[in-house]
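I have placed the structure first, in the form of structure tokens, so that the comments after it can refer back to it.
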């Protein structure tokens, strides 16, 4: 959901949820927030939507019956019976409190919102947002009166970042809706994603692309990184990223033949891929459409430098295979008893 210009905040319920293990309880608001202040509405809409920049989509699931997933059920009710929005938001609050039974889970404000005008591919759909603010900042306030300026401070929520949140889009309901997640606190991420929401990542083009690139990263670290030459690892990564950047679809046979020259290593990669997919219960992993945004976001995770024990690094700009294959040469100096790299160039800058 990249276009946020036509998104409208229609309903907002704010409650307070404590830590159940500490018996902190909950505070239930008696009515919805008044959103007639246009500036407040715009600030809140941006606060809720700004964190969702990632490509991943999730869906609600349950081991036996999707209808038994509490958040799926409450979301469906809020979509179909918006007049009972406040009532259902209290059910969400109580469900969250029941899951907040770990000592590390912080108390905070719970926001349950209803949004309209959300763009999903070619459709415009409504969405339910569930957000939790846990951390408080100190703000300075200034007041001018009778030509004098006074200063004070107060504690509050910084609207530049959301601690925890999800957007539930009213599409693909039979498959658990489409859900986006954000969680700034990695120490209790399992609590929000699995205990409270109980979602699983959608196996779409983003999932397949990200998983395949992670496969390449793991293979480079487990196979190429074990050799004497780190250049072989950089070559493999550069070729892999270059393939994903230039190709529209991933084909395992084509990828292997274009990225790996040695037959023995190519066969080892195919076996590695099969074991990787079976271990993670992934189907259709040999042929899929490549998500270009995912490739762009994943590039920074890959190693594109060679670190030497002489406190020197050879860093490659980008992932152009020609850089390491044509302009960097590795050898061994018998007189010194040391390896060396020879770098070719036309001019310095």
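Residue numbers (full-length UniProt numbering): 1 to 349.
Glycine is no exception: its CB is placed at the ideal position from the N, C-alpha and C atoms.
Quick caveat: nothing in here was measured; it's all calculated off a predicted structure.
{"Asked": "I think residue 177 touches residue 72, with their Cβ atoms under 8 Å apart; what is that distance to the nearest whole Å?", "Found": "7 Å"}
{"Asked": "Give the secondary structure of residue 41 by DSSP, where H, G and I count as helix, E and B as strand, and everything else as coil.", "Found": "helix"}
{"Asked": "Just mark residue 300 as buried or exposed, buried being the case when its beta carbon has 16 or more other beta carbons within 10 Å.", "Found": "exposed"}
{"Asked": "Residues in the same chain with beta-carbon distance under 7 Å from residue 247, minus the five sequence neighbours each way, listed in chain order, please.", "Found": "290"}
{"Asked": "For residue 200, tell me which candidate among 209, 180, 210 has the shortest Cα-Cα distance.", "Found": "180"}
{"Asked": "Flag this pair as yes or no: are the beta carbons of residue 156 and residue 129 separated by less than 8 Å?", "Found": "no"}
{"Asked": "Name, in chain order, the residues that DSSP records as bridge partners for residue 306.", "Found": "314"}
{"Asked": "Taking only the alpha-carbon atoms, compute the straight-line gap between residue 288 and residue 215 and give it to the nearest angstrom.", "Found": "15 Å"}
{"Asked": "If you compare alpha carbons, which of 77, 276, 104 is closest to residue 88?", "Found": "77"}
{"Asked": "Using the rule of at least 16 other Cβ atoms within 10 Å of the residue's Cβ for burial, across every protein chain shown, is residue 382 buried or exposed?", "Found": "In the structure as shown, the chain starts at 1 and stops at 349, and residue 382 therefore has no counterpart that could be examined."}
{"Asked": "Counting only runs of 4+ residues fully inside the stretch 50-132, write out the alpha helix (DSSP H) ranges in chain order.", "Found": "70-80, 85-99"}
{"Asked": "On a Cα-Cα basis, can you pick out the residue from 194, 20, 75 that is closest to residue 168?", "Found": "75"}
{"Asked": "According to DSSP, residue 181 sits in a beta bridge with which residue or residues?", "Found": "166"}
{"Asked": "Pull up the distance between the alpha-carbon of residue 192 and that of residue 308, whole angstroms please.", "Found": "42 Å"}
{"Asked": "In this structure, how does DSSP classify residue 144 when only helix, strand and coil are distinguished?", "Found": "strand"}
{"Asked": "In angstroms, rounded to a whole number, what distance separates the CA positions of residue 158 and residue 28?", "Found": "22 Å"}
{"Asked": "Check the C-beta distance from residue 202 over to residue 57 and give it rounded, since I have them as a contact under 8 Å.", "Found": "4 Å"}
{"Asked": "Apply the 10 Å Cβ neighbour rule to residue 346 and answer buried if 16 or more other Cβ atoms are within range, or exposed otherwise.", "Found": "exposed"}
{"Asked": "Could you give the first and the last residue of the continuous beta strand (DSSP E) run that contains residue 13?", "Found": "8-17"}
{"Asked": "Using CA atoms only, rank isn't needed, just tell me which of 335, 349, 331 is closest to residue 342.", "Found": "331"}
{"Asked": "Inspect the beta-carbon positions of residue 119 and residue 9 and report whether they are closer than 8 Å.", "Found": "no"}
{"Asked": "Put residue 295 into one of helix, strand or coil per three-state DSSP.", "Found": "helix"}
{"Asked": "Who does residue 152 pair with in a DSSP beta bridge?", "Found": "141"}
{"Asked": "Any idea what DSSP makes of residue 241, helix, strand or coil?", "Found": "helix"}
{"Asked": "Can you give the Cα-Cα distance for residue 141 and residue 151, rounded to whole angstroms?", "Found": "6 Å"}
{"Asked": "Mind reading off the beta-carbon distance from residue 241 to residue 327? Whole number of angstroms is fine, and I expect it under 8 Å.", "Found": "At roughly 17 Å, the Cβ-Cβ gap does not stay under 8 Å, so residue 241 and residue 327 are not in contact."}
{"Asked": "On a CA-only basis, which of 160, 17, 235, 63 is nearest residue 95? Give me that one, please.", "Found": "17"}
{"Asked": "If you draw a straight line from the C-alpha of residue 344 to the C-alpha of residue 231, how long is it?", "Found": "15 Å"}
{"Asked": "Using the three-state DSSP reduction, which class does residue 268 fall into: helix, strand or coil?", "Found": "helix"}
{"Asked": "Would you say residue 11 and residue 82 are within 8 Å of each other, going by their C-beta atoms?", "Found": "yes"}
{"Asked": "Just to confirm my understanding: we take residue 220, look at its own chain, exclude 5 residues before and 5 after, and list those with CB closer than 7 Å. What are they?", "Found": "233, 236, 237"}
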